[in-house]
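So the protein sequences, as listed, match chains C and A.
The numbering of the first sequence is this note's numbering, which starts it at 1 and goes up by one.
The numbering of the second sequence is this note's numbering, which starts it at 1 and goes up by one.
See structure below.
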Amino acid sequence: MTSFFTLSRIRMSVQIVMLVFTVYGGALVGHYLSDKVTGALPALSCAYDQQNAGYCVLIPMQHQLHHRVGESIVRAQQFSFDYIIPLGFTMLTFLAFFVVLNKAFCGWICPLGTVQELIYKVGRRLRLPVRRFTQATVGRIRPFKWAVLILLVLVLPLMAGLGYTSYVTGDAYCQVCPSRVVTTLLTANTEQIAVNTADTTAFAFSAARSAIFGFILILAFGMRQPFCRVCPMLALHAVFRRIVPLRLAKKETGEKCGKCKACYQACPMDIHEVAFEFGSKAFHADCTMCGRCVEFCPDDGMLALKLGPIPLFTASAAYMKARAKIDKPDGTLPKKKPAPNPSPAE
Amino acid sequence: MLGELNMKSIIKMACMAFVLSTSVAQAQHAGHGGAPKGAVAPAWTAYPMVMSGGGFSRSGAKFQAFNMHAMDATSYASFDGQTAEDLNKATLPLTVDENGAVAVKSGAKGGYYVLRVTGHGPGGEVATATTLKYFSNPGPAPRDLLNIARPGFEIMPAVLPREHAHYRENETWPFQVRMDGKPVAGLPVVLETSNGTKSEYVTKANGSVDVTFPGDFKDIPKDQWRHGRPPASKFVVAVRDGGLLATYNDSYNLDAYDDKNLWAGVGFAVLGMVAAVPLVRRRKTDKKGA
Numbered sequence: 001m002t003s004f005f006t007l008s009r010i011r012m013s014v015q016i017v018m019l020v021f022t023v024y025g026g027a028l029v030g031h032y033l034s035d036k037v038t039g040a041l042p043a044l045s046c047a048y049d050q051q052n053a054g055y056c057v058l059i060p061m062q063h064q065l066h067h068r069v070g071e072s073i074v075r076a077q078q079f080s081f082d083y084i085i086p087l088g089f090t091m092l093t094f095l096a097f098f099v100v101l102n103k104a105f106c107g108w109i110c111p112l113g114t115v116q117e118l119i120y121k122v123g124r125r126l127r128l129p130v131r132r133f134t135q136a137t138v139g140r141i142r143p144f145k146w147a148v149l150i151l152l153v154l155v156l157p158l159m160a161g162l163g164y165t166s167y168v169t170g171d172a173y174c175q176v177c178p179s180r181v182v183t184t185l186l187t188a189n190t191e192q193i194a195v196n197t198a199d200t201t202a203f204a205f206s207a208a209r210s211a212i213f214g215f216i217l218i219l220a221f222g223m224r225q226p227f228c229r230v231c232p233m234l235a236l237h238a239v240f241r242r243i244v245p246l247r248l249a250k251k252e253t254g255e256k257c258g259k260c261k262a263c264y265q266a267c268p269m270d271i272h273e274v275a276f277e278f279g280s281k282a283f284h285a286d287c288t289m290c291g292r293c294v295e296f297c298p299d300d301g302m303l304a305l306k307l308g309p310i311p312l313f314t315a316s317a318a319y320m321k322a323r324a325k326i327d328k329p330d331g332t333l334p335k336k337k338p339a340p341n342p343s344p345a346e
Numbered sequence: 001m002l003g004e005l006n007m008k009s010i011i012k013m014a015c016m017a018f019v020l021s022t023s024v025a026q027a028q029h030a031g032h033g034g035a036p037k038g039a040v041a042p043a044w045t046a047y048p049m050v051m052s053g054g055g056f057s058r059s060g061a062k063f064q065a066f067n068m069h070a071m072d073a074t075s076y077a078s079f080d081g082q083t084a085e086d087l088n089k090a091t092l093p094l095t096v097d098e099n100g101a102v103a104v105k106s107g108a109k110g111g112y113y114v115l116r117v118t119g120h121g122p123g124g125e126v127a128t129a130t131t132l133k134y135f136s137n138p139g140p141a142p143r144d145l146l147n148i149a150r151p152g153f154e155i156m157p158a159v160l161p162r163e164h165a166h167y168r169e170n171e172t173w174p175f176q177v178r179m180d181g182k183p184v185a186g187l188p189v190v191l192e193t194s195n196g197t198k199s200e201y202v203t204k205a206n207g208s209v210d211v212t213f214p215g216d217f218k219d220i221p222k223d224q225w226r227h228g229r230p231p232a233s234k235f236v237v238a239v240r241d242g243g244l245l246a247t248y249n250d251s252y253n254l255d256a257y258d259d260k261n262l263w264a265g266v267g268f269a270v271l272g273m274v275a276a277v278p279l280v281r282r283r284k285t286d287k288k289g290a
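Structural data, given as structure tokens:
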């Protein structure tokens, strides 16, 4: 691999292609639901985007919990496996995709992840300061993604189906998802940023959605992947990450490892375990498999992206040396060497 | 007493309490099945139509023909293919009862179904009333279902709103007029809505006609709304050619921006941006560290 064809550049190319495909791909695959690549994509490809190529798995999960499971429990006598089967198929479809790329759906496919990453790159060009969370803060933030998954994706849609909460909570996560605003705005549709004034709950959710969108948009200039840290998709991926052959692998021991912390500096999710833990513990639930830690690891073979036993990309000191000329582990651009002073004109 | 409460009995009690508590919630779901409203012809149009007659479930739905003496009905399930054989496989003759009621079964397949009722219109003309129903599971896309050459005179949507989307006020959608599968140009097409709007269009050379749904929703009390929006309004598009009359009827919803405030949304987005600024702006410590 030459210094031009770095993993980061290959990944960014894939991300751009996938951003175009997930946001505008309906022109290629078709207009109707059955035309879409899948209705259970393990990335935030929003169904409110009328031109997309596939739907995020969180959409059918919420709808099925709301309209099938919840409502069938209300009509308790009618409850049968017929109501559970669609949810089972949704999860199986999700797993069929997930088993191919594991958490790389976050780092390589997700349109919201790509947009945040592009904004962060702009921030580096503007020489804005980089903001990172401390280990303690990261520890406090991590449980939020589980809370979002459980409360907004699972519990509230079920409660809406049971009739306990407003219909708006039937897709509670979609109500606040910033990808809904980002992807629709990319298709010149402003409907999803508008505030819904139909009732109090709808107003609260839509106002929160717009505010979260604005907050993430600005925060991404200085912080890497701000929304990903609380994204329920990250949590859903985390549940299944160990069963997929594609993964981040780290050696069980290493004397030099843990000293330079370049992998930790490179990690957009501030995962300190990648520097201080070994073996499978280094592949943390928050990992998006972007591969930056492997790129910036100077310890030959210490870190690798592996498909089962097959290494796809392995850490090497030579690669890291060439890679570091493009940007620093935290994405900061290297300072330009001052031009030599021209000799004074006579 | 507490000693007698083992885990199994606690779970059993919790389940019973949960099921009992759902009876409270049942009232909130009342009316989801869409009870039949009787066979009273709608007053807003005299054109033949075939409308939902209640009894909708994931496996089938009942329909009612109005403003016509209905004689035959056919359902076409969604399919992939452009041949007559493909169409035949998707075609199912149905029985219309003496009151004009007809039932469509979706079977296990789901997806889109075209329902076509033929008979005689109010003026004695040969009338074809068509509508379309979407059952939960996607099935094949309706492209071929909409565009295949079918015998007879018809007006059909050229493209449908995607699943979970709707025709909406102030939107323009294409329809297609065909005679035995061939486009018919220069025919007047009438749009009538249940909100009282009537407008006319003319088919183009390729038989297509772009119909704009009017912004004619009236204020509806919020206690009549369901799932955050008022009930959909009905429309029919009708076209005549000599003694033949073809109609397509369906429903349309409020304008996309009705009960929405774009500027308030932009305001909340700006509020979010302002809240994030202190987190990304340069600080004195940044300069020291630089």
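From the three backbone atoms N, C-alpha and C, an ideal C-beta is built for every residue, glycine too.
What do you get for residue i, buried or exposed, if any count of 16 or more other CB atoms within 10 angstroms of its CB means buried?
i: A/D219; result: exposed
i: A/N249; result: buried
i: A/E85; result: exposed
i: C/L333; result: exposed
i: A/Q82; result: exposed
i: C/R127; result: exposed
i: A/M71; result: exposed
i: C/W108; result: buried
i: C/T165; result: buried
i: C/S8; result: buried
i: C/H31; result: buried
i: A/K37; result: Below a pLDDT of 50, predicted positions are generally treated as unreliable, and A/K37, at 45, falls in that range; the measurement from the model is reported next regardless. Classification of A/K37: exposed, given that the 10 Å Cβ count is below 16.
i: C/V153; result: buried
i: C/S13; result: exposed
i: C/A275; result: buried
i: C/K259; result: exposed
i: A/D210; result: exposed
i: A/H164; result: exposed
i: C/Q265; result: buried
i: C/F21; result: buried
i: A/N99; result: exposed
i: C/S210; result: buried
i: C/F4; result: exposed
i: A/V237; result: buried
i: A/W263; result: exposed
i: C/I59; result: buried
i: A/S57; result: exposed
Please list, in chain order, the chain A residues whose beta carbon lies closer than 8 Å to that of residue i.
i: C/V168; result: G228
i: C/E255; result: Ordered by position in chain A, no residue passes the 8 Å Cβ test against C/E255, which lies about 30 Å from the chain.
What in chain C is Cβ-close to residue i, meaning under 8 Å?
i: A/E163; result: Y32 and L33
Give the interface partners of residue i over in chain C, defined as CB-CB distance under 9 Å, in chain order.
i: A/V114; result: The premise fails here: A/V114 is roughly 14 Å from chain C at the closest Cβ pair, so nothing lies under 9 Å.
Give the residues of chain A in contact with residue i, contact being defined as C-beta atoms less than 7 Å apart.
i: C/I212; result: G272
i: C/D199; result: G228
Residue i touches chain A at which residues, Cβ-Cβ below 9 Å?
i: C/L128; result: V280, R281 and R282
Mind listing the chain C neighbours of residue i? Cutoff is C-beta to C-beta under 7 Å, in chain order.
i: A/V159; result: H31
If the cut-off is 9 Å on Cβ atoms, which residues from the region 262 to 277 of chain A count as contacting chain C, listed in chain order?
L262, W263, A264, G265, V266, G267, F268, A269, V270, L271, G272, M273, V274, A275, A276 and V277
Going along the region 116 to 141 of chain A in order, which residues come within less than 7 Å of chain C, judged by CB to CB distance?
P138, G139, P140 and A141
If we require 4 or more residues per run, which alpha helix (DSSP H) segments fall completely within the region 248 to 314 of chain C?
262 to 266, 273 to 276 and 292 to 295
Evaluate the contact criterion for the region 48 to 63 of chain A versus the region 99 to 107 of chain A: three or more CB pairs, one atom per stretch, below 8 Å.
yes
Report the start-end ranges of each beta strand (DSSP E) in the region 149 to 213 of chain A that is 3 residues or longer and not cut off at the edges.
153 to 157, 172 to 179, 188 to 193, 198 to 202 and 208 to 212
The region 26 to 37 of chain C: which residues have C-beta closer than 7 Å to a C-beta of chain A, in chain order?
G30, H31, Y32, L33, S34 and D35
With three or more beta-carbon pairs closer than 8 Å as the criterion, would you say the region 236 to 253 of chain A touches the region 172 to 192 of chain C?
no
Under 8 Å (Cβ pairs) to chain A, residues found in the region 130 to 159 of chain C
R131
Flag this pair as touching only if the region 94 to 104 of chain C and the region 233 to 246 of chain C have three or more C-beta atom pairs under 8 Å; answer yes or no.
yes
Within 8 Å of chain C by C-beta, residues of the region 231 to 261 of chain A in sequence order
A256, Y257, D259, K260 and N261
Positions along the region 171 to 201 of chain A whose CB lies within less than 7 Å of some CB in chain C:
none
How about the region 158 to 178 of chain C and the region 199 to 209 of chain C: do they share at least three Cβ pairs that are nearer than 8 Å?
yes
Start-end ranges of the alpha helix (DSSP H) lying completely within the region 65 to 119 of chain A, minimum 4 residues
84 to 90
Can we say the region 205 to 223 of chain C touches the region 268 to 285 of chain A, given the rule of at least three CB pairs closer than 8 Å?
yes
If you pair each beta-carbon of the region 112 to 130 of chain C with each one of the region 53 to 71 of chain C, do three or more pairs fall below 8 Å?
no
In chain order, each alpha helix (DSSP H) run of at least 4 residues that lies wholly inside the region 117 to 200 of chain C
135 to 141, 143 to 148, 156 to 162, 172 to 176 and 178 to 185
Can you give me, in chain order, the residues of the region 50 to 64 of chain C that have a beta carbon less than 7 Å from any beta carbon in chain A?
Q50
Positions along the region 214 to 235 of chain C whose CB lies within less than 8 Å of some CB in chain A:
G214, F215, I216, L217, I218, L219, F221, G222 and M223
Does the structure place the region 151 to 165 of chain A close enough to the region 174 to 181 of chain A that three or more beta carbon pairs sit under 8 Å?
yes
Taking a Cβ distance cut-off of 9 Å, strictly less, list which residues of the region 89 to 111 of chain A are near chain C, in chain order.
G111
Given 8 Å as the limit, is there contact between the region 134 to 142 of chain A and the region 111 to 122 of chain A, that is, 3 or more CB pairs closer than that?
yes
Please give me, in chain order, every unbroken run of the alpha helix (DSSP H) with length at least 4 that falls completely inside the region 12 to 43 of chain C.
26 to 29
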